[in-house]
Amino acid sequence: MSLSIEQLVEQGAGLVSLPAVASRLNAMVDDDESTAADIGRVISQDPALTIRLLQLANSPFYGLSNRIDTITRAVQVIGTRQIRDLVLATTVTKVFDGIPNDLMSMEDFWRHSIYCGLVARLLSEDLKMRDGETMFIAGLLHDIGRLLIFNREPDAAHEAFLLGLQNAGHTPPQKAERDVLGYDHAQVGGELAALWHLPEKLLACIRYHHEPAAAQEHQAAVALVHIANTVAHMAEVDTRDPRDAPPIQAEAWERSGLDPSVLPSIIDRAQHQVVEVEALILDHG
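The opening residue of the sequence shown carries number 1 in UniProt numbering; numbering runs sequentially from there.
Right, dumping it as structure tokens:
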């Protein structure tokens, strides 16, 4: 008997709680009284996190012309919400470090996730959207529900994987999960994001990345992550043919305003950035 989605997330809550610094920062960003110095002080209490954020701020990922040497300055230059997103990116990956999982390589999991984040960020920049970091973390975290399923329901996850393989082309992985478990990794990830009080945009992107047409809010952002998921698969296997990856739903193109012709150059740019960003995000010292 499989766990219900509520039981799964409840068990996961004790296993993968959001680090205190990320929780505090989440609340501070939504508090108009919090200053850049306040946020800088909270982050600076975690030396390893401080180093990673300064490395990110001074990396080509940002392309800033002047060197950033304090967290307070990083908050002032990059912005409070963007810093919050980067803290989430570097702490959430660490949360899952110690979670045993025999079904997939964590290296492969995070490589795909980072590709998805990079592509979502690049697409948002091409569209002149203002929240590139939010789109990066939306892509980075889109599959976190899979990790919880792999850990708490390994037998059912394996059964769903085999079902998807047997019916390749007819049964997408998320449908196979629903057939076996009664829910899929996107729903689990959405529940976990809600439990962590993540911003609504992130929650929507995680919850609906396989069903962009079902999103009632943040439709363009959800559509971007849906597209980015497929483009990430293309980047990983180094193809420019969308038929080699999960199909992109027509509604996603309409809601995002993107043209499919942009994909080859986006893949090239993501492939040039992935190794460096992987080192910055996953280096937990």
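Cβ atoms here follow ideal geometry from the backbone N, Cα and C, with glycine treated the same way.
N-terminal and C-terminal residue of the alpha helix (DSSP H) that residue i is part of
{"i": "residue 206", "result": "200 to 207"}
{"i": "residue 103", "result": "Unbroken run through residue 103: none, as it is neither H nor E."}
{"i": "residue 29", "result": "20 to 29"}
{"i": "residue 271", "result": "263 to 282"}
{"i": "residue 219", "result": "219 to 237"}
{"i": "residue 36", "result": "36 to 44"}
{"i": "residue 7", "result": "5 to 15"}
{"i": "residue 72", "result": "71 to 78"}
{"i": "residue 68", "result": "Unbroken run through residue 68: none, as it is neither H nor E."}
{"i": "residue 215", "result": "No alpha helix (DSSP H) contains residue 215, which DSSP labels as neither H nor E."}
{"i": "residue 32", "result": "Counting along the chain, residue 32 falls outside any alpha helix (DSSP H), and DSSP gives it neither H nor E."}
{"i": "residue 50", "result": "47 to 57"}
{"i": "residue 301", "result": "Here the chain has residues from 1 to 285 only, and residue 301 is not among them."}
{"i": "residue 179", "result": "173 to 181"}
{"i": "residue 185", "result": "185 to 195"}
Straight-line Cα distance separating residue j from residue i
{"i": "residue 154", "j": "residue 106", "result": "15 Å"}
{"i": "residue 174", "j": "residue 33", "result": "42 Å"}
{"i": "residue 242", "j": "residue 230", "result": "8 Å"}
{"i": "residue 222", "j": "residue 250", "result": "13 Å"}
{"i": "residue 156", "j": "residue 188", "result": "14 Å"}
{"i": "residue 24", "j": "residue 74", "result": "18 Å"}
{"i": "residue 79", "j": "residue 135", "result": "15 Å"}
{"i": "residue 90", "j": "residue 7", "result": "27 Å"}
{"i": "residue 159", "j": "residue 266", "result": "34 Å"}
{"i": "residue 130", "j": "residue 122", "result": "11 Å"}
{"i": "residue 270", "j": "residue 182", "result": "35 Å"}
{"i": "residue 165", "j": "residue 178", "result": "15 Å"}
{"i": "residue 209", "j": "residue 261", "result": "21 Å"}
{"i": "residue 253", "j": "residue 228", "result": "11 Å"}
{"i": "residue 201", "j": "residue 85", "result": "12 Å"}
{"i": "residue 234", "j": "residue 206", "result": "20 Å"}
{"i": "residue 176", "j": "residue 169", "result": "12 Å"}
{"i": "residue 352", "j": "residue 259", "result": "Past the edges of the chain, shown from 1 to 285, lies residue 352, and the structure says nothing about it."}
{"i": "residue 11", "j": "residue 67", "result": "43 Å"}
{"i": "residue 278", "j": "residue 256", "result": "26 Å"}
{"i": "residue 97", "j": "residue 184", "result": "22 Å"}
{"i": "residue 237", "j": "residue 125", "result": "24 Å"}
{"i": "residue 27", "j": "residue 167", "result": "45 Å"}
{"i": "residue 72", "j": "residue 46", "result": "14 Å"}
{"i": "residue 263", "j": "residue 219", "result": "20 Å"}
{"i": "residue 275", "j": "residue 13", "result": "31 Å"}
Top-ranked residue by Cα proximity to residue i, from the options
{"i": "residue 109", "options": "7, 209 and 145", "result": "145"}
{"i": "residue 83", "options": "182, 9, 54 and 238", "result": "54"}
{"i": "residue 103", "options": "151, 122 and 66", "result": "151"}
{"i": "residue 325", "options": "101, 97 and 141", "result": "What the structure shows of the chain is the stretch from 1 to 285, and residue 325 is not part of that stretch, so it cannot be assessed."}
{"i": "residue 62", "options": "161, 132 and 143", "result": "132"}
{"i": "residue 190", "options": "4, 3, 9 and 2", "result": "9"}
{"i": "residue 171", "options": "128, 247, 35 and 60", "result": "247"}
{"i": "residue 77", "options": "64, 18 and 88", "result": "64"}
{"i": "residue 29", "options": "212, 43 and 14", "result": "43"}
{"i": "residue 95", "options": "147, 139 and 45", "result": "147"}
Check: residue i C-beta below 7 Å from any heavy atom of the ligand ATP
{"i": "residue 173", "result": "By its list of ligands, the structure shown contains no ligand whatsoever, and the ligand ATP lies outside what it can speak to."}
Runs of alpha helix (DSSP H) wholly within the stretch 94 to 168 (minimum 4 residues, chain order) = If we require 4 residues or more, the alpha helix (DSSP H) runs fully inside the stretch 94 to 168 come out as 106 to 126, 132 to 140, 144 to 152 and 154 to 166.
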